[in-house]
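Numbering (this note's numbering), first residue to last: 478 to 891.
Note that the Cβ used here is the ideal one computed from N, Cα and C, for glycine as well.
This report refers to the structure that appears directly beneath it.
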């Protein structure tokens, strides 16, 4: 029950069981009970619902009641004095926000009938306007995510695509910054670092893309919780003031109040992460929002993988061109429609026509074939012969040259 996804669950326990009937009627009995009734267990959903800005574990009921709850005498006495009780109460968060809760409580007692604690389940009573706002935010996020996925798939300029994507998501979620960090391993120190690669920020917010402190952040040594959590595929989500000191020292100078960080994984490896900063308000992302943005980060990972693959392909093609242009034999690639896809420089050296000229006018390809062999060339191509010899006219002196042709057909999956 503690892991209930849509209900808050909180357990209060007395440090010493007491006789309720005797204690409650005393002038200071209520204060004594509240003072010694401690929060010994609470789920994340419940803590966030009551007040996401503080950790309620270990606090006593007195702090909770007087600082965060607006309880009638009926509600307070009912939760403690009655074996079971249900009611509606108002909660006031630290930032002044108010919300209504429906509560169900079960008090429990020791073998001697002394009050030992109370088990409370609660969930928010959402008014119509608040529900509409919540649904609108969800729809905007889903719509922006669909647009972002289209941008990532259709744009060859990865940085441009990511910036457009960050802007769309930032505006849909009303965050102040969206950015991506990439991990790298330093061979000298044998340490994993991360560095900021790209950022979008609202006009009213100071960008951090030029922040030198974010150029080489040691993940394992500087923010080990992030390394552990993100490498497992989980998100970092919460208010910065509740984070460990080493994290606050990095985040607070950037004016970050609350943050969501989701991992980017490429081929099972923790590649980096996408961050979403709130610099003007406290906001705890819902499980649905975290799931959507984690999926989006996964698609960004595919985009980075595509970029890496394209770079490797370009490097391989460049090496191929360098090798092909050093040989004396003519090497070329023609498509099914006989247009020239690629040709090395040997053809120009041999016949005087550049690659661009051949691509623009494919008929030049056969311009120097001896007239006696034009029929032979056509027949060989029709029969898909792998090799044949043709007579060519040397453009420099008009002499006849015999040149062997070797073909290597390439087929697709069909």
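Q.
Does residue 584 pass the burial test, meaning 16 or more other C-beta atoms within 10 Å, or should it be called exposed?
A. buried
**Q.** Straight-line gap, residue 578 to residue 511 (C-alpha atoms, nearest Å)
**A.** 20 Å
Q) How about residue 516 and residue 485: are their beta carbons less than 8 Å apart? A) no
**Q.** Which of helix, strand or coil DSSP assigns to residue 478
**A.** Any reading at residue 478 needs caution, since the residue's pLDDT is 48, under 50, leaving its predicted position unreliable; the model's value is listed next. Coil, per DSSP.
(Q) Let me check one thing: in DSSP terms, what residues is residue 754 bridge-paired to? (A) 654, 736
Q | residue 618 and residue 738 closer than 8 Å at C-beta | A | In this structure, the beta-carbon distance from residue 618 to residue 738 does not fall below 8 Å.
Q. In its own chain, which residues sit with a C-beta less than 6 Å from the C-beta of residue 587, not counting the 5 before and 5 after it?
A. Only 494, 593 meet the Cβ criterion.
Q.
Rounding to the nearest angstrom, what Cα-Cα distance links residue 849 and residue 865 in this structure?
A. 14 Å
Q) How is the alpha helix (DSSP H) around residue 575 delimited, first residue to last? A) First-last for residue 575: 575-586, but that is the beta strand (DSSP E), not the alpha helix (DSSP H).
Q: Report buried or exposed for residue 843, applying the criterion of at least 16 other Cβ atoms within 10 angstroms of its Cβ.
A: exposed
**Q.** Own chain partners of residue 638 with C-beta closer than 6 Å, once the 5 adjacent residues on each side are dropped
**A.** 628, 629, 632
Q | Sufficient close CB pairs (3 or more, under 8 Å) joining the stretch 742-753 to the stretch 699-716 | A | yes
Q: Leaving aside the five residues before and after residue 834 along the sequence, list all residues of the same chain whose C-beta is less than 7 Å from its C-beta, in chain order.
A: Correct list, in chain order: 841.
Q: Determine the extent of the alpha helix (DSSP H) in which residue 551 is found, giving its start and end residues.
A: Counting along the chain, the unbroken alpha helix (DSSP H) around residue 551 starts and ends at 550-558.
Q. At which residues does the beta strand (DSSP E) containing residue 601 begin and terminate?
A. 592-602
Q.
Going by DSSP in three states, residue 677 sits in which element: helix, strand or coil?
A. strand
Q) Looking only at C-alpha atoms, which of 887, 766, 732 sits nearest to residue 811? A) 887
Q | Those runs of the beta strand (DSSP E) which lie wholly inside the stretch 778-842 and span at least 3 residues | A | 809-811, 817-820
Q: Please say whether residue 883 and residue 428 have beta carbons closer to each other than 8 Å?
A: This structure does not reach residue 428, given that the chain is present from 478 up to 891, and the question cannot be answered.
Q.
From the DSSP secondary-structure annotation, give me the bridge partner or partners of residue 878.
A. 869
Q: Determine the direct distance from the alpha carbon of residue 714 to that of residue 676, and round the result to whole angstroms.
A: Taking the straight line joining both Cα atoms gives about 19 Å.
(Q) Taking a contact to mean a Cβ-Cβ separation below 8 Å, would you say residue 735 touches residue 722 in this structure? (A) Their beta carbons are not under 8 Å apart, which means residue 735 does not touch residue 722 by this criterion.
Q.
I'd like to know whether the C-beta atoms of residue 614 and residue 754 end up nearer to each other than 8 Å.
A. no
Q: Output yes or no for whether 8 Å exceeds the beta carbon distance between residue 683 and residue 751.
A: Not in contact: residue 683 and residue 751 (Cβ atoms no closer than 8 Å).
Q) Could you give the distance in angstroms between the alpha-carbon of residue 679 and the alpha-carbon of residue 520? A) 34 Å
Q: Note the first and the last residue of the continuous beta strand (DSSP E) segment covering residue 532.
A: Taken as a continuous stretch (DSSP letters only), residue 532 belongs to no beta strand (DSSP E), as it is neither H nor E.
Q. Within 10 angstroms of its Cβ, does residue 881 collect 16 or more other Cβ (buried), or is it exposed?
A. By the Cβ neighbour-count rule, residue 881 is exposed, with fewer than 16 other Cβ atoms within 10 Å of its own.
(Q) By the DSSP assignment, the beta strand (DSSP E) with residue 567 in it spans what residues? (A) Boundaries of the beta strand (DSSP E) harbouring residue 567: 561-569, taken from the DSSP string.
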